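Number of protein chains: 2
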Amino acid sequence: MSLDGAVADLRRRLLAAGVLAELGEPGVFGLGGAFTRVFDAVDALYVAAFAHLRADVWRFPPVEPRSLFERTDYVASFPQLTGSIGVFAGGAAEHAELLRVRAEDGRWEDLLVPGGLMMGPAACHPLYAVIGGTLPVGGRNYDVLGSCFRHEPSPDPMRLQSFRMHEFVHAGTAASATAHRDEALPRLAAMLGSLGLEVADVPANDPFFGRTGKILASNQRHQALKFELVTPVYGDDAPPVAIASANYHEDHFGTAFGIFDAEGGVARTACVGLGMERTVLALFARHGMTTSEWPEPVRSVLWPHG
Amino acid sequence: MSLDGAVADLRRRLLAAGVLAELGEPGVFGLGGAFTRVFDAVDALYVAAFAHLRADVWRFPPVEPRSLFERTDYVASFPQLTGSIGVFAGGAAEHAELLRVRAEDGRWEDLLVPGGLMMGPAACHPLYAVIGGTLPVGGRNYDVLGSCFRHEPSPDPMRLQSFRMHEFVHAGTAASATAHRDEALPRLAAMLGSLGLEVADVPANDPFFGRTGKILASNQRHQALKFELVTPVYGDDAPPVAIASANYHEDHFGTAFGIFDAEGGVARTACVGLGMERTVLALFARHGMTTSEWPEPVRSVLWPHG
Chain A
-9 MSLDGAVADL RRRLLAAGVL AELGEPGVFG LGGAFTRVFD AVDALYVAAF
41 AHLRADVWRF PPVEPRSLFE RTDYVASFPQ LTGSIGVFAG GAAEHAELLR
91 VRAEDGRWED LLVPGGLMMG PAACHPLYAV IGGTLPVGGR NYDVLGSCFR
141 HEPSPDPMRL QSFRMHEFVH AGTAASATAH RDEALPRLAA MLGSLGLEVA
191 DVPANDPFFG RTGKILASNQ RHQALKFELV TPVYGDDAPP VAIASANYHE
241 DHFGTAFGIF DAEGGVARTA CVGLGMERTV LALFARHGMT TSEWPEPVRS
291 VLWPHG
Chain B
-9 MSLDGAVADL RRRLLAAGVL AELGEPGVFG LGGAFTRVFD AVDALYVAAF
41 AHLRADVWRF PPVEPRSLFE RTDYVASFPQ LTGSIGVFAG GAAEHAELLR
91 VRAEDGRWED LLVPGGLMMG PAACHPLYAV IGGTLPVGGR NYDVLGSCFR
141 HEPSPDPMRL QSFRMHEFVH AGTAASATAH RDEALPRLAA MLGSLGLEVA
191 DVPANDPFFG RTGKILASNQ RHQALKFELV TPVYGDDAPP VAIASANYHE
241 DHFGTAFGIF DAEGGVARTA CVGLGMERTV LALFARHGMT TSEWPEPVRS
291 VLWPHG
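Shown next, in the form of structure tokens:
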């Protein structure tokens, strides 16, 4: 089967089984009861696997202030993925005009104006604004779960426009941050292996935009800053799909958000992030659409209490 | 203390205790570990209180397709709350132009174009698209949790621009839908009472826009379609704050989304919805910023296993 065929087939099976429901745009789905039950179990397992980090918990809304977004330089690197929120700022006359355009099937959103908010592109961005200041000796760990928006409409159910990342972030020194990344990756790989997923770790890069982006991506790979855990979803001939990543950011966020280590140096940060929807869908792809028929060892890891 | 003073005081205490963290725009906060622990406990309690409904679980992303949004007529009634997502659709030249505008501190979001996605304004809207078709005899219940966006920036921490609603929705006949609403409200009030919140149910209306909106709001109240559970947060002299609502939609969504009851009539729908962030913050306002010091009866309801 071609890759396109395999993608269409998985999508069809997920929809037919009610794991997902179509909402009318690519990469935007309703998530059904079976999906949600697996999601919650995977999430609990993940938190247990990293409980030793005694991480500070932070949760963030799917939107972030433009002022925060701008400190990450995201739109310079990933304009194609960016989402900005437009809002209505008019009165009765402007509303009448909007409704007139709409009645003529016009694009009334053109009458909206930027509202000072952006779609959050990464679960951990707002964390760096919260951390600020000086870290304790040894650095600190954080548990962050949030909704990410990336404008990359695709028929592939593994590529959503809005999805959740659960990240364990460390902020500290170069030594403590790289140690965090390098210890987290095999631990996460073991957890995913216990769920019956074949995973491999591979050097990776972010999808930087344009010609300059190619150089940035190549540097990121060359310096071995980012690794992904990939798993086969569409057969052995198709490229495997990344379901998790571990990233050393060097001083990128420390500099942008004014975070310092205990010695007063600019903090280094690293994160391990699990793509929650991708992981759940990889499990359905691997074990089938009916969770009651999943292999007993997998079920007992996900639901130890039945 | 004036209402403004009481609002500022609660906000200051929530931030000082790390229950919330400022992100840079009104109504957009980071939610800390204590907040999250209470959130999860309230959510579990709520699900247990409505377990008898055997509701189908659906979860939705914070964005929804424009085509779905348009079927609800939301922008006609609530333009002031609407959010539309703008995306970058250009190539290298347009990106260079965007970065030039940005370098001059210009509003580069003006160069984005509508991306076919809207911010979801209500957790249950996408559900109606999923239900479609004909319901079984007796109707059906649904458990929906989702992120809602409403553009109403405010210094009041009880009024977020992005928040989660957890809803139990019924679709069926007029009789079964109004029964759902009327049974759910006292049940939810009892649950909130067990957490030490004083709640009262009051007739309510949605914040319809403009002069025509005043008439719609008055009709909604007059026909007793919507009720809210309100609790005092800012003292006895200030208006109490709505933390939950129960709503009979008549045939509004049944007609818009082509949902029919078992007899072939247009389905009637009703929902009970708990404002998750508001409820959690009302608990902090009521019992203080340190959960270990909350009254023992409240703690044992939230965390029966300690």
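Protein chains in written order, with the working numbering: chain A, -9 to 296; chain B, -9 to 296. Glycine included, each C-beta is placed from N, C-alpha and C at the ideal position. Treat the numbers as computed from the prediction; the structure is a model and nothing was measured.
ask   = For MET266/A, which option in LEU117/A, ASP(-6)/A and PRO147/A has the closest C-alpha, if you only look at C-alpha atoms?
value = Your numbering for residue 266/A matches position 276 in the first sequence. Considering only alpha carbons, the answer is PRO147/A.
inquiry  = Give me the chain A residues within the contact set of TRP293/B, using Cβ-Cβ distance strictly less than 9 Å, ordered along the chain.
reply    = Within the second sequence, numbered from 1, the residue matching residue 293/B stands at position 303. By Cβ distance, chain A contributes nothing, its closest Cβ being about 16 Å from TRP293/B, past 9 Å.
message = Is the separation between the beta-carbon of TRP284/B and that of ALA31/B shorter than 8 Å?
response = The residue you call residue 284/B lines up with position 294 of the second sequence. The residue you call residue 31/B lines up with position 41 of the second sequence. Cβ distance not < 8 Å, so TRP284/B and ALA31/B don't count as in contact.
ask   = Does the beta-carbon of GLY255/A have 16 or more other beta-carbons within 10 angstroms, so that it is buried, or is it exposed?
value = As a working note, residue 255/A is residue 265 in the first sequence. Flag for GLY255/A reads exposed.
request  = Tell me whether MET(-9)/A is buried or exposed, calling it buried when 16 or more other Cβ atoms sit within 10 Å of its Cβ.
outcome  = Here residue -9/A refers to the residue found at position 1 when the first sequence is read from its first residue. So MET(-9)/A counts as exposed.
key: Cβ-based contacts, 7 Å cut-off: residues of the region 241 to 265 of chain A near chain B   = none
query = Looking at the C-beta of MET148/B, does it have a partner C-beta in chain A at a distance below 8 Å?
reply = Taking the first residue of the second sequence as position 1, residue 148/B is located at position 158. By this cut-off, MET148/B is not an interface position.
ask   = Considering VAL18/A, what are the terminal residues of the beta strand (DSSP E) in which it resides?
value = Counting from 1 along the first sequence, the entry for residue 18/A is found at position 28. VAL18/A -> beta strand (DSSP E) spans 18 to 21.
key: Exposure of LEU(-7)/B, with buried meaning 16 or more beta-carbon neighbours within 10 Å   = Translated into positions along the second sequence, residue -7/B becomes position 3. Exposed, since its Cβ has fewer than 16 Cβ neighbours within 10 Å.
query = Which residue from ALA164/B, HIS156/B and ALA194/B puts its Cα closest to that of LEU178/B?
reply = Indexing the second sequence from 1 puts residue 178/B at position 188. It is HIS156/B whose Cα lies nearest to the Cα of LEU178/B.
request  = Pull up the CB-CB distance for ARG130/B and ALA161/B, whole angstroms please, since I reckon it's below 8 Å.
outcome  = Within the second sequence, numbered from 1, the residue matching residue 130/B stands at position 140. Within the second sequence, numbered from 1, the residue matching residue 161/B stands at position 171. Their Cβ separation, rounded to whole angstroms, is 6 Å, which keeps ARG130/B and ALA161/B in contact under 8 Å.
query = To the nearest angstrom, how far is it from the Cα of GLY244/A to the Cα of ALA167/A?
reply = Reading the first sequence from its first residue, position 254 is the one you call residue 244/A. Reading the first sequence from its first residue, position 177 is the one you call residue 167/A. Distance between the alpha carbons of GLY244/A and ALA167/A: 12 Å.
message = Quick check on the burial criterion: 16 or more other C-beta atoms within 10 angstroms. Buried or exposed for HIS141/B?
response = Here residue 141/B refers to the residue found at position 151 of the second sequence. So HIS141/B ends up on the buried side.
inquiry  = If the criterion is Cβ atoms closer than 8 Å, does the pair ALA79/A and VAL103/A meet it?
reply    = Numbered from its first residue, the first sequence carries residue 79/A at position 89. Numbered from its first residue, the first sequence carries residue 103/A at position 113. Yes, Cβ-Cβ distance for ALA79/A and VAL103/A is below 8 Å.
message = Any beta carbon of chain B sitting closer than 8 Å to that of PRO69/A?
response = Along the first sequence, one-based indexing puts residue 69/A at 79. It does: the Cβ of PRO69/A has a partner Cβ on chain B nearer than 8 Å.
query = Can you give the Cα-Cα distance for HIS242/A and GLY183/B, rounded to whole angstroms?
reply = In the first sequence, the residue the question calls residue 242/A occupies position 252. In the second sequence, the residue the question calls residue 183/B occupies position 193. Those two C-alpha atoms are separated by around 48 Å.
ask   = Is LEU215/B helix, strand or coil when you go by DSSP?
value = For the purposes of this step, residue 215/B is identified with residue 225 of the second sequence, where counting begins at 1. If DSSP states are grouped into helix, strand and coil, LEU215/B belongs with coil.
inquiry  = Going by DSSP, what residue range makes up the alpha helix (DSSP H) through VAL53/A?
reply    = Start at 1 with the first residue of the first sequence, and residue 53/A comes out as number 63. First-last for VAL53/A: 53 to 55, but that is the beta strand (DSSP E), not the alpha helix (DSSP H).
ask   = Quick one: what's got a C-beta closer than 7 Å to ALA164/B's C-beta in the same chain, skipping five residues either side?
value = Numbered from 1 along the second sequence, position 174 holds the residue referred to as residue 164/B. Excluding sequence neighbours, ALA164/B sits near ARG258.
ask   = Below 8 Å, can you find three or more Cβ-Cβ pairs linking the region -5 to 5 of chain B to the region 55 to 68 of chain A?
value = no
query = With respect to the beta strand (DSSP E) encompassing LEU135/B, which residues constitute its N-terminal and C-terminal limits?
reply = Start at 1 with the first residue of the second sequence, and residue 135/B comes out as number 145. Here the beta strand (DSSP E) through LEU135/B covers 130 to 139.
query = At which residues does the alpha helix (DSSP H) containing ARG92/B begin and terminate?
reply = The residue labelled residue 92/B in the question sits at position 102 within the second sequence. Residues 82 to 93.
query = Alpha carbon to alpha carbon, what distance is there between PRO222/A and PRO16/A?
reply = The residue labelled residue 16/A in the question sits at position 26 within the first sequence. The residue labelled residue 222/A in the question sits at position 232 within the first sequence. When rounded, the distance between both Cα atoms is 22 Å.
key: The alpha helix (DSSP H) enclosing ALA6/B, as first and last residue numbers   = Reading the second sequence from its first residue, position 16 is the one you call residue 6/B. Looking at the DSSP string, the run of the alpha helix (DSSP H) that includes ALA6/B is -7 to 6.
inquiry  = Run through chain A and tell me which residues come within less than 7 Å of ASP46/B, C-beta to C-beta.
reply    = Mapped onto the second sequence, residue 46/B falls at position 56. Simply GLY23.
inquiry  = Just checking: is the beta-carbon of SER144/A within a distance shorter than 8 Å of some beta-carbon in chain B?
reply    = Position 154 of the first sequence, counting from 1, holds the residue named residue 144/A. No, SER144/A lies away from the interface with chain B (no Cβ there is under 8 Å from its Cβ).
request  = Go through its chain and collect everything with a Cβ distance to GLN213/B's Cβ below 6 Å, but skip five positions before and after it.
outcome  = Position 223 of the second sequence, counted from the first residue, corresponds to residue 213/B. Nothing listed; no residue qualifies.
query = For SER152/A, is the classification buried or exposed, using 16 other Cβ atoms within 10 angstroms of its Cβ as the cut-off for buried?
reply = Indexing the first sequence from 1 puts residue 152/A at position 162. SER152/A should be labelled buried.
Candidates VAL159/B, VAL189/B and LEU10/B, of which the one nearest GLY263/B by Cα = On the second sequence, position 273 is the one that residue 263/B refers to. When each option's Cα is compared against that of GLY263/B, the closest is VAL159/B.
task = State the Cα-Cα distance for the pair LEU271/B and ASP46/A, rounded to the nearest angstrom.
result = For the purposes of this step, residue 271/B is identified with residue 281 of the second sequence, where counting begins at 1. For the purposes of this step, residue 46/A is identified with residue 56 of the first sequence, where counting begins at 1. Rounded to the nearest angstrom, the two C-alpha atoms are 19 Å apart.
task = Could you name the residues of chain A that ILE205/B contacts, counting a contact when the two beta carbons are closer than 8 Å?
result = Residue mapping note: residue 205/B aligns to position 215 of the second sequence, counting from 1. Within chain A, no residue comes near ILE205/B; the closest Cβ sits about 14 Å away, beyond 8 Å.
Cβ of PHE199/A within 8 Å of any chain B Cβ = Taking the first residue of the first sequence as position 1, residue 199/A is located at position 209. So, interface residue.
message = Let me check one thing: in DSSP terms, what residues is ALA232/B bridge-paired to?
response = Taking the first residue of the second sequence as position 1, residue 232/B is located at position 242. Per DSSP, VAL220/B.
query = Does the region 98 to 118 of chain A touch the region 41 to 56 of chain A, meaning 3 or more C-beta pairs lie closer than 8 Å?
reply = yes
ask   = So the alpha helix (DSSP H) HIS115/B belongs to, where does it begin and stop?
value = In the second sequence, the residue the question calls residue 115/B occupies position 125. 115 to 121 is the extent of the alpha helix (DSSP H) around HIS115/B.
query = Taking Cβ positions only, does VAL53/B come closer than 8 Å to chain A?
reply = Mapped onto the second sequence, residue 53/B falls at position 63. At least one chain A Cβ lies under 8 Å of VAL53/B.
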